[in-house]
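Novice: Let me give you the structure first, and then I'll get to my questions.
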Amino acid sequence: MKFLSDTRVHLSADEALALAVQSLQKIGYDAEEARIIADHVVDAALCGYEYSGLPKILNVAEHRQLKEPRRPMRAIRETSTSALFDGGNNNGMVTMYRATEVAIAKAREHGMAVVGVNNSWVSGRSAHYVEMAARAGLIGLHSVSSRIHVAAPGSSGPATGTNPIAFGFPTADEPFVIDLGAAAFMGTDLIFQERRNAVLPENVAIDIDGKPTRDPARVHAILPFGGYKGFALGLAMQALGVLAGSGLGDDKTYGYLIMTVKPDLMVPLGVDEIRLPGERAFRERARHQRDGIEIDRAIYDTLLALPQGKLPAR
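Each residue of the sequence shown is one higher than the last, beginning at 0 in numbering that gives the first Met the number 0.
This is the structure in structure tokens:
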């Protein structure tokens, strides 16, 4: 650990993970739960999302649901390709991690799967789960229906959640991941900026009177991303939350859905490799610099047999 200034502290990845686990165990999580949540938030920090990193633990510690009784996560309905889980009022980073593991196992066996979770809260970065799927060789889609924060266009009050959606695709290298919210500013980032007494960007939030505000403490509703189109996307996520059983939970809004699909379920994977111009040459160069090159023996002998001579003067 190193104090960079009065306001910033530098931590190694191991130090951040140890601090996260210690903090989570202080607020009541067992070793396995603390590890799952700590891995999630530290990974977010490593990816450059500070507001979804260690500050997320404070969001968990202060969440009203933390004080309510918890029950073991249980399957309400299950088939070979689907499952619906009651999260038992457990943290979403734990329940969604386990739900994603189930979705991966079912898709590996049957080609695809859809798994829903309700009665859970604060699930973290959606990218985390679709990346899990992609690293397992599957296409992943994750949608979230959350507590209402986002105003409808022209409205002064919240109507939907920030409701992110994420996609993950396996590749020959790092997964291809897309993660975006239906809001102009994410709720977790709003809490983070309020902790820092920071100023919000323009045109992302309104106050109780429906007027634009840049003060995080005065925000009554966040604006939708992309106007009515973003609001429509948020409504779709809210509807998918219903599919995930959001209405079965006490809050009636939280619903998490994860879908996993084998890439070759409908079409063959195709060619073994797609190369960009020059890529083959660069790879061959590296190999030949390491291993040497081969030439035809006749060419070699002829080169050795060239007569000694001089070039004509210029």
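Ideal placement from N, C-alpha and C gives every residue a C-beta, glycine not left out. From a predicted model like this one, the values you see are computed outputs, not experimental measurements.
If contact is defined by three or more beta carbon pairs under 8 Å, each pair taking one atom from either stretch, is the region 132 to 142 in contact with the region 69 to 80?
Specialist: They do not touch, by the three-pair rule.
Novice: Please report the straight-line C-alpha distance between H287 and A280, rounded to a whole angstrom.
Specialist: The alpha-carbon atoms of H287 and A280 are separated by roughly 10 Å.
Novice: I need the DSSP call for P223, collapsed to helix, strand or coil.
Specialist: Strand.
Novice: Opposite F166 in the DSSP bridges: which residues?
Specialist: DSSP lists L140, I177 as partners of F166.
Novice: Between K105, P223, L16, G115, which lies nearest to S245 when the distance is taken from Cα to Cα?
Specialist: The shortest Cα separation from S245 among K105, P223, L16, G115 belongs to G115.
Novice: Using the rule of at least 16 other Cβ atoms within 10 Å of the residue's Cβ for burial, across every protein chain shown, is K25 buried or exposed?
Specialist: It is exposed - the Cβ of K25 has fewer than 16 other Cβ atoms within 10 Å.
Novice: What number of angstroms, rounded off, separates the C-alpha of E77 from the C-alpha of I147?
Specialist: Cα-Cα distance, rounded: 29 Å.
Novice: Can you tell me the Cα-Cα spacing of Y253 and V8, whole angstroms?
Specialist: Answer to the nearest angstrom: the Cα atoms are 34 Å apart.
Novice: For G226, does the count of other Cβ atoms within 10 angstroms reach 16, so buried, or fall short, so exposed?
Specialist: Exposed, because fewer than 16 other Cβ atoms sit within 10 Å of the Cβ of G226.
Novice: With a Cβ-Cβ cutoff of 9 Å, do H109 and S155 count as a contact?
Specialist: No, Cβ-Cβ distance for H109 and S155 is not below 9 Å.
Novice: Starting from R73, follow the beta strand (DSSP E) in both directions and report where the run begins and ends.
Specialist: Start and end: 73 to 77.
Novice: Could you give the uninterrupted runs of the alpha helix (DSSP H) lying entirely in the region 40 to 67, keeping only those of 4 residues or more?
Specialist: 54 to 61, all fully within the region 40 to 67.
Novice: Which of the three DSSP states is assigned to V116 in this structure?
Specialist: Reduced to three states, the DSSP call for V116 is strand.
Novice: Is it right to say K55 is buried, meaning 16 or more other beta carbons lie within 10 angstroms of its own, or is it exposed?
Specialist: Buried is the call here.
Novice: How close, in whole Å, do the beta carbons of G233 and V149 come, if the pair is a contact with beta carbons under 8 Å?
Specialist: Rounded, the Cβ-Cβ distance is 6 Å, consistent with contact.
Novice: Quick one: Cα of G167 to Cα of R34, how far?
Specialist: Each residue's Cα considered, the two are about 23 Å apart.
Novice: What residues in its chain sit with their C-beta under 6 Å from that of I177, if we drop five residues either side in the sequence?
Specialist: Around I177: F166.
Novice: How is Y28 classed by DSSP in three states: helix, strand or coil?
Specialist: DSSP places Y28 in coil when its eight states are reduced to three.
Novice: Out of N196, V121, A104, V41, state which residue places its alpha-carbon closest to the alpha-carbon of Q64.
Specialist: With distances taken between Cα atoms, Q64 lies closest to V121.
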